[in-house]
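Residue numbers (the working numbering), protein chains in the order written: chain A, -17 to 364; chain B, -17 to 364.
The C-beta atom is built at its ideal place from N, Cα and C for all residues, glycine as well.
Protein chains: 2
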Amino acid sequence: MSTTEFESLDKCLESHLPEEELKEVKRILYGKETKKLELPSSAVDAATDRDFELKGFQFDAAQEQLRPPRKVRVGLVQHHIVLPTDAPVMEQVNAMHSRIGEMVEVAAMCGVNIICFQETWTMPFAFCTREKEPWLEFSESAENGHTTRFCQELATKHNMVIISPILEREDVHNTVWNTAVVISNSGNVLGKSRKHHIPRIGDFNESTYYMEGDTGHTVFQTHFGKIAVNICYGRHHPLNWFMYSMNGAEIIFNPSATVGTLSEPMWPIEARNAAIANHCFTCAINRVGTEHFKSEFTSGDGQKAHHDFGHFYGSSYVAAPDGSRTPGLSRTRDGLLVVEMDLNLNRQISDRWNFKMTGRYSEYAEELTEAVRPDFKPKIVK
Amino acid sequence: MSTTEFESLDKCLESHLPEEELKEVKRILYGKETKKLELPSSAVDAATDRDFELKGFQFDAAQEQLRPPRKVRVGLVQHHIVLPTDAPVMEQVNAMHSRIGEMVEVAAMCGVNIICFQETWTMPFAFCTREKEPWLEFSESAENGHTTRFCQELATKHNMVIISPILEREDVHNTVWNTAVVISNSGNVLGKSRKHHIPRIGDFNESTYYMEGDTGHTVFQTHFGKIAVNICYGRHHPLNWFMYSMNGAEIIFNPSATVGTLSEPMWPIEARNAAIANHCFTCAINRVGTEHFKSEFTSGDGQKAHHDFGHFYGSSYVAAPDGSRTPGLSRTRDGLLVVEMDLNLNRQISDRWNFKMTGRYSEYAEELTEAVRPDFKPKIVK
């Protein structure tokens, strides 16, 4: 069985384990059982017609006396590129717009309030090629590019907050960024969050295209809750999640594009650890499929030149502050994951587990300030 | 099936999944396959006679030209208390010494270089009772208490570094601490690491007994590698793991005592995330069994008074910097996990993934310094 044939961990476990043991396995792997969310049959039918997976789950919180529940429905979208990578740029972008348009329509039927697309969703993840053209032609203005205008229409039409991660071209200084544009449910650009940590993994170096983001750890107060966007490689940095949380984020989205045997076992760990450690919800989104490029390229690993970066394994999921998580979307299919969460759970878990109050952060601020000095002497007892 | 009957995730998966799918499931759950380590049959027989589980695994690294492999064998011990909790204190301690003595003997047969016992290993985990007596009578001097002397003998006899987490009584100021004593393979007390973060989880408050540790993030340079000890609740704090790593730790041990449905799904996540994020090995150790106390106690949760804290689910494991991990020890039995690791893997993975170089730590030092000020204004866009 090749890694691209294995559709999902959950399906495999469900089809082989006896019911009672499956329950224990799921409890240990996923925590408290995540309830299935009833979705309208029109949405289920539309997803089938449009050939994507649709799954719904919900995280409840305890009823409080003074605060009403704060239920929000979040949508995570993962998808293949639509056209071949050598099709004309504008055709590729438009094809992706139409695919996303039909998926967002289903999200709207499911009552989604905040939706997030995958990293650089309008284009192939072409940074492995190290070619500048035509890939830089996919870059657009975050404020008023073609894609932002498209998302503003969707946002207004469906009363939905949209997180749209694109390749950003900033015209004043002529710089390029990996940026998530956050659009309010009334269609305004609330702001943007630029990728904070830029990968250098082996020879795969995205700083060939864009540098470390300069937007810090901004949190966006939307109509439905306080959200932040930690793009892709930033999920490997616990301090990054932490600082979004310190700025008040209740849901942190992690739109990603990741492949391969090395990253897949890390995938279920990092966003979930962040949800636990920071008493918040995290949403991990990864694209699906294998993207073929016309020009061959090498990967600095002694292997022959090749035409693809590997299989993007999807598996998008949501993790909750109580350590539980939803099953993942498919490893191979386009999909929409709809998750209803009561944001009251964050404070309830924080009140119970108390990580923010037992965190000794002032001392860490001092220790870290020391540790980054060039003359830092590590505290080693011999 | 009750949670105390389910012996282990791995056994369950192995007995139900077809071989090919099992391989994919394990790859996704555990990363690159951890090889089984051949252990001497004398050790296997001794473990069977002494009624504990013995498992061995190994993590390899690539061969380098200039550095020879740095292989070290680590032992993780999990065990039940031996006598009832109302037996005389000294009898309880001595019974635990003898149990550990016979387990360490098997570790020695397996060539273990560094061994770590569970949190406060000489006593029941009685802090749920909120009684001071007789539990404080289990406290001992870290430098020359009965247990430290016992461990020094073992260390010398077996040429083994021993990490001995005990309840420490410091006689000068008459304070009590939750402390790991680190004893070199020549039998010297190298130093101690006091529990850095003290739990307040619901009504479970260990600061009734001991306060936040004052030993900072000390790393111990032993004959076999640089090690650190992050006791129990500190595993929920990513900054804590991080700061041990910033001080040079190659292996971070996490001796713990944890129960229950809320913490069990977090257990496979946190130490493993720390190994990934910090390019080091982590060793998570939890005790096993249910400990009954004579006096009943309540838990501030609306439930009736009871006599136990819940089931300690064992499941000790080792995680590697490449995202892989060993299977866990049993959820119900005493056990010794022997893991051979080539410490060269840490730098190899760091060179590949580059988290320390892409971490932007100076900026975090500034941001965190800001964030802990009483007049901190979170960065929220409205």
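request  = Rounded to whole angstroms, what's the CA-CA distance from Gly169 (chain A) to His219 (chain B)? Just pull it up for me.
outcome  = Against the first sequence, residue 169 (chain A) aligns to sequence position 187. Against the second sequence, residue 219 (chain B) aligns to sequence position 237. The straight-line gap from Cα to Cα measures roughly 38 angstroms.
inquiry  = One question on the structure: do Leu419 (chain B) and Ala29 (chain B) come within less than 8 angstroms of each other, judged by their Cβ atoms?
reply    = Missing from the structure shown is residue 419 (chain B); chain B here goes from -17 to 364 and no further.
task = Give the DSSP-derived three-state secondary structure of Leu325 (chain B) in the structure shown.
result = Here residue 325 (chain B) refers to the residue found at position 343 of the second sequence. Reduced to three states, the DSSP call for Leu325 (chain B) is coil.
query = What residues from chain B crowd round Cys(-6) (chain A), counting only those whose CB sits closer than 8 angstroms?
reply = Stepping through the first sequence from its first residue, residue -6 (chain A) is reached at position 12. Leu(-1), Glu3, Glu6 and Val7, listed in chain order.
request  = Output, in chain order, the set of chain B residues within a Cβ distance shorter than 9 angstroms of Ala353 (chain A).
outcome  = For the purposes of this step, residue 353 (chain A) is taken as residue 371 along the first sequence, with counting starting at 1. Residues of chain B passing the Cβ test: Met225, Met228, Asn229, Tyr343 and Ala347.
inquiry  = Give me the subset of the region 210 to 221 of chain A whose CB atoms are less than 8 angstroms from a CB atom of chain B, sorted by chain position.
reply    = Tyr215, His218, His219, Pro220 and Leu221
query = Considering only residues of the same chain and omitting the five flanking positions on each side of Tyr215 (chain A), which have a CB-CB separation below 6 angstroms?
reply = Taking the first sequence and counting its residues from 1, the one referred to as residue 215 (chain A) is at position 233. If we look at Tyr215 (chain A) and ignore the five residues flanking it on each side, its Cβ neighbours are His179 and Pro181.
Chain-ordered chain C contacts of Met248 (chain B) [CB-CB under 7 angstroms] = Looking for chain C here will not work: the only protein chains present are A and B.
ask   = Which residue from A:Leu19, A:Ser123, A:Val64 and A:Leu350 puts its Cα closest to that of Arg315 (chain A)?
value = Here residue 315 (chain A) is taken as the residue at index 333 of the first sequence, counted from 1. Looking at the Cα atoms, A:Val64 is the closest of the given residues.
query = If the cut is a Cβ gap below 8 angstroms, which residues of chain A does Pro360 (chain B) touch?
reply = Against the second sequence, residue 360 (chain B) aligns to sequence position 378. The contacting residues are Val201, Met228, Asn229 and Gly230.
ask   = What are the residues that DSSP puts in a beta bridge with Thr204 (chain A)?
value = Against the first sequence, residue 204 (chain A) aligns to sequence position 222. DSSP output for Thr204 (chain A) lists A:Gly207 as bridge partner(s).
query = Does Asn141 (chain A) get closer than 8 angstroms to chain B when you measure Cβ to Cβ?
reply = Walking along the first sequence from the start, residue 141 (chain A) turns up at place 159. Taking Cβ atoms only, chain B never reaches closer than 8 angstroms to Asn141 (chain A), which makes this a no.
key: Residue range of the unbroken alpha helix (DSSP H) whose run includes Leu244 (chain A)   = Sequence index remark: in the first sequence, residue 244 (chain A) carries index 262 (1-based). That run of the alpha helix (DSSP H) goes Gly242 to Ser245.
message = On the CB-based measure, 16 or more other CB atoms within 10 Å of its CB, does Gly127 (chain B) come out buried or exposed?
response = By one-based count along the second sequence, residue 127 (chain B) stands at place 145. Buried is the call here.
request  = Pick out whichever of A:Gly242, A:His261 and A:Cys265 has its Cα sitting closest to the Cα of Ala253 (chain A).
outcome  = Your numbering for residue 253 (chain A) matches position 271 in the first sequence. If we check each option's Cα against that of Ala253 (chain A), A:Cys265 comes out closest.
request  = May I have the straight-line CA-CA distance separating Glu125 (chain B) from Val163 (chain B), to the nearest angstrom?
outcome  = On the second sequence, position 143 is the one that residue 125 (chain B) refers to. On the second sequence, position 181 is the one that residue 163 (chain B) refers to. Within the model, the alpha-carbon separation for Glu125 (chain B) versus Val163 (chain B) is close to 8 angstroms.
request  = Anything in chain B within Cβ reach of Gly13 (chain A), meaning under 9 angstroms, just list it in chain order.
outcome  = Taking the first residue of the first sequence as position 1, residue 13 (chain A) is located at position 31. Neighbours of Gly13 (chain A) on chain B, chain order: Thr243, Leu244, Glu246, Pro247 and Met248.
7 angstroms Cβ cut-off: residues of chain A touching Phe(-12) (chain B) = Translated into the one-based positions of the second sequence, residue -12 (chain B) becomes position 6. Neighbours of Phe(-12) (chain B) across chain A, judged by C-beta separation under 7 angstroms: Glu6.
Beta strand (DSSP E) runs contained entirely in the region 18 to 81 of chain B, provided each spans 3 or more residues = 35 to 41 and 53 to 60
query = Can we say the region 186 to 206 of chain A touches the region 219 to 233 of chain A, given the rule of at least three CB pairs closer than 8 angstroms?
reply = yes
ask   = So Tyr12 (chain B) packs on Ser306 (chain B), CB below 8 angstroms; how close in whole Å?
value = Position 30 of the second sequence, counting from 1, holds the residue named residue 12 (chain B). Position 324 of the second sequence, counting from 1, holds the residue named residue 306 (chain B). Tyr12 (chain B) to Ser306 (chain B), Cβ: 6 angstroms. Contact.
request  = Taking Pro116 (chain B) and Val71 (chain B) to be in contact with their CB atoms under 8 angstroms, please state how far apart those CB atoms are, rounded to whole angstroms.
outcome  = As a position in the second sequence, residue 116 (chain B) is number 134, starting the count at 1. As a position in the second sequence, residue 71 (chain B) is number 89, starting the count at 1. The Cβ separation is near 6 angstroms, so the contact holds.
ask   = Of all the CB atoms in chain A, is at least one closer than 8 angstroms to the CB of Phe294 (chain B)?
value = To locate residue 294 (chain B), count along the second sequence from 1; it is residue 312. Answer no: the Cβ-Cβ gap between Phe294 (chain B) and chain A never drops below 8 angstroms.
request  = Please confirm whether Asp283 (chain B) and Gly173 (chain B) have their CB atoms less than 8 angstroms apart.
outcome  = Locating residue 283 (chain B) in the second sequence gives position 301, where the first residue counts as 1. Locating residue 173 (chain B) in the second sequence gives position 191, where the first residue counts as 1. No.
ask   = What three-state label does DSSP hand Ser238 (chain B) in the structure shown?
value = Against the second sequence, residue 238 (chain B) aligns to sequence position 256. In the three-state reduction of the DSSP assignment, Ser238 (chain B) falls in the strand class, which pools E and B.
request  = Mind reading off the beta-carbon distance from Met85 (chain B) to Phe34 (chain B)? Whole number of angstroms is fine, and I expect it under 8 angstroms.
outcome  = Along the second sequence, one-based indexing puts residue 85 (chain B) at 103. Along the second sequence, one-based indexing puts residue 34 (chain B) at 52. So it is a contact: roughly 6 angstroms between Cβ atoms.
key: Among A:Leu244, A:Val321, A:Ser24 and A:Gly292, nearest to Ile331 (chain B) - alpha-carbon criterion   = Against the second sequence, residue 331 (chain B) aligns to sequence position 349. Closest by alpha carbon: A:Leu244.
message = Using only CA atoms, which one of A:Glu119, A:Lys139, A:Ala257 and A:Ala43 lies nearest to Asn156 (chain A)?
response = Position 174 of the first sequence, counted from the start, is the residue given in the question as residue 156 (chain A). With distances taken between Cα atoms, Asn156 (chain A) lies closest to A:Glu119.
ask   = Are the Cβ atoms of Arg52 (chain B) and Asp324 (chain B) separated by less than 8 angstroms?
value = Along the second sequence, one-based indexing puts residue 52 (chain B) at 70. Along the second sequence, one-based indexing puts residue 324 (chain B) at 342. Yes, the Cβ-Cβ distance between Arg52 (chain B) and Asp324 (chain B) is below 8 angstroms.
ask   = Using a Cβ-Cβ cut-off of 6 angstroms (strictly less than) and excluding sequence neighbours within five positions of Lys5 (chain B), which residues of its own chain qualify?
value = Within the second sequence, residue 5 (chain B) is the residue found at index 23, counting from 1. Taken in chain order, the list of residues that qualify is empty.
key: Spatial distance of Glu352 (chain B) from Pro147 (chain A) (CA atoms)   = The residue labelled residue 352 (chain B) in the question sits at position 370 within the second sequence. The residue labelled residue 147 (chain A) in the question sits at position 165 within the first sequence. Distance between the alpha carbons of Glu352 (chain B) and Pro147 (chain A): 28 angstroms.
task = Kindly indicate if chain B contains any beta-carbon less than 8 angstroms away from that of Gly184 (chain A).
result = On the first sequence, residue 184 (chain A) is found 202 positions in, with the first residue counted as 1. Closer than 8 angstroms to some Cβ of chain B, the Cβ of Gly184 (chain A) qualifies, so yes.
inquiry  = What residue range does the alpha helix (DSSP H) around Thr351 (chain B) cover?
reply    = Counting from 1 along the second sequence, the entry for residue 351 (chain B) is found at position 369. For Thr351 (chain B), the uninterrupted alpha helix (DSSP H) segment begins and ends at Tyr343 to Ala353.
Segments assigned beta strand (DSSP E), at least 3 residues, entirely inside the region 132 to 217 of chain A = 143 to 152, 157 to 165, 171 to 176, 201 to 204 and 207 to 211
key: Beta-carbon proximity list for Thr240 (chain A), same chain, < 6 angstroms, skipping 5 on both sides   = Residue 240 (chain A) sits at position 258 when you count from the first residue of the first sequence. So the list reads Asn268, once near-sequence residues are dropped.
request  = From the DSSP output, in three-state form, read off Ala287 (chain B) for me.
outcome  = As a position in the second sequence, residue 287 (chain B) is number 305, starting the count at 1. Coil, per DSSP.
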